[in-house]
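Residue numbers for the sequence shown follow our numbering, so the first one is 187 and each next one is one higher.
Think of the CB as a built atom: it goes at the ideal place given N, C-alpha and C, for glycine as much as any other residue.
Here's the structure we're looking at; comments come further down.
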Amino acid sequence: MKKLLLSGALAALLTSSLIAKDVSTYEYAAFKNSDAVKSALTTQGFQVVGEYDAMSNPDYHVITYTNAAMQTEVSKDDNNSFAAVEKVLVDKKDNTLVFTNPEYFMRAFIEDDYSDATAKSINSALSTAFGKLTGSPDGLEEDDIKGYHFMMGMPYYEDMIEVAEGKNLVKKLKTNAGDNIVFEIKLKEGTLFGVAMPTPKGEKSYVTEIKGEKSAAFLPYMVFVETEDDKDEAKIMHPKYYLALSYPKLSMGQFMSISSAIGNIEDYFEGLFK
């Protein structure tokens, strides 16, 4: 009897593993130039909010966009703010478009409030605009995205880093970051910014170290400035979380090779609010 029960439990475990759906981190589409990409996004009701050459390399041009559905999902909780934008990498080197997959990143950033219908509607609009979307080889099982962390002891999504606190943080950021601000999205509880990091220890350094250029659609790094009556608070996703989420196939050796980026990213954003 015990053997029968054990066999049944094992069969159930194997079945659940087989059923578990993999969700790709990125999605590939046929190449279009930047102007054609922006036109196609606009036609489908998306708002293009900014663009820049990731890693200061014109071969890797990132276009960022949002729409009403994303912002509705974000409005449910201020911790959802990083889901207010999606991004597409115009990869001129490999003649490919690389989209952040909303079914992956929105699931990670919205967690309990995640709406699969909303994410799928965004992907449907992208398919209409750009044709067939092919999932990237990197990704995670659907059930592992919510509450993801690289390994035991590593931060989760909610373990954000406060890089500044005080008054007039938006003004300080705009003054110090200047043209490095790629996008600005005003939300119910504050403002989400995407900021380029063109420093010697910035995005070019850590992305090229792991040969991650093809997946650079996760850039630019983001900071959310939450506005309150008495003070503002600026926070970023912990780099140990965001980099691992964006590169889920990273080995421990690769992760350790960019360990210095963790502190460099935090220091960079702290410096923008001084």
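Exercise. On a CA-only basis, which of ASP302, PRO341 and TYR433 is nearest LYS397? Give me that one, please.
Key: For the residues ASP302, PRO341 and TYR433, the minimum Cα distance to LYS397 belongs to TYR433.
Quiz prompt | Delimiting residues of the alpha helix (DSSP H) encompassing ASP239 | solution = Looking at the DSSP string, ASP239 is not in any alpha helix (DSSP H); the run it does join, the beta strand (DSSP E), is 233-239.
Quiz item: Which residues does DSSP pair with THR377 in a beta bridge?
Solution: LYS372 and VAL411
Self-check item: Inter-stretch contact (C-beta, 8 Å, three-pair minimum) for the segment 335-343 and the segment 300-315
Solution: no
Exercise. Would you check if the segment 259-273 and the segment 369-382 touch, i.e. whether three or more CB-CB distances between them fall below 8 Å?
Key: yes
Quiz item: Does the segment 311-320 come close enough to the segment 209-217 that 3 or more CB-CB pairs lie under 8 Å?
Solution: yes
Quiz item: How do the segment 282-291 and the segment 412-426 stand: do at least 3 beta-carbon pairs fall below 8 Å, yes or no?
Solution: no
Quiz item: Would you call the CB atoms of VAL276 and TYR251 closer than 7 Å?
Solution: no
Quiz prompt | Cut-off 7 Å between Cβ atoms - residues of its own chain near SER301, not counting five sequence neighbours on either side | solution = GLU259
Quiz item: Rounded to a whole number of angstroms, what is the C-alpha to C-alpha distance between ASN354 and GLU452?
Solution: 20 Å
Quiz prompt | Start-end ranges of the alpha helix (DSSP H) lying completely within the segment 235-317, minimum 4 residues | solution = 254-260, 288-296 and 302-316
Self-check item: For ASP418, the three-state DSSP class (helix, strand or coil)
Solution: strand
Exercise. Would you grab the beta carbon distance between ILE444 and LEU429 for me? Rounded to a whole angstrom, and I think it's under 8 Å.
Key: 7 Å
Quiz item: Pairing CB atoms from the segment 379-388 with CB atoms from the segment 354-369, are three or more of them under 8 Å?
Solution: yes
Quiz item: When you compare only the Cα positions, how much space is there between LYS207 and ASP329?
Solution: 8 Å
Quiz item: Applying the criterion that 16 or more other CB atoms from any shown protein chain within 10 Å of the CB defines a buried residue, is LYS357 buried or exposed?
Solution: exposed
Quiz prompt | According to DSSP, residues forming a beta bridge with LYS326 | solution = One detail in the question is off: residue 326 reads as Leu in this sequence, not Lys. Per DSSP, VAL209.
Practice problem: Measuring alpha carbon to alpha carbon, tell me which of PRO244, MET241 and LEU312 ends up nearest THR229. | Solution: LEU312
Quiz item: Opposite THR320 in the DSSP bridges: which residues?
Solution: TYR214
Quiz item: Distance, Cα to Cα, VAL349 vs ASP280?
Solution: When rounded, the separation of the alpha-carbon atoms in VAL349 and ASP280 is 36 Å.
Quiz item: By DSSP, does GLY388 sit in helix, in strand, or in coil?
Solution: Coil, per DSSP.
Exercise. Count the other CB atoms, across all protein chains shown, that sit within 10 Å of the CB of MET423; report buried if there are 16 or more and exposed otherwise.
Key: buried
Exercise. Would you mind sorting SER322 into buried or exposed? The rule is 16 or more other CB atoms within 10 Å of its CB.
Key: buried
Quiz item: Unbroken beta strand (DSSP E) runs of length 3 or more, entirely within the segment 436-460: which are they?
Solution: none
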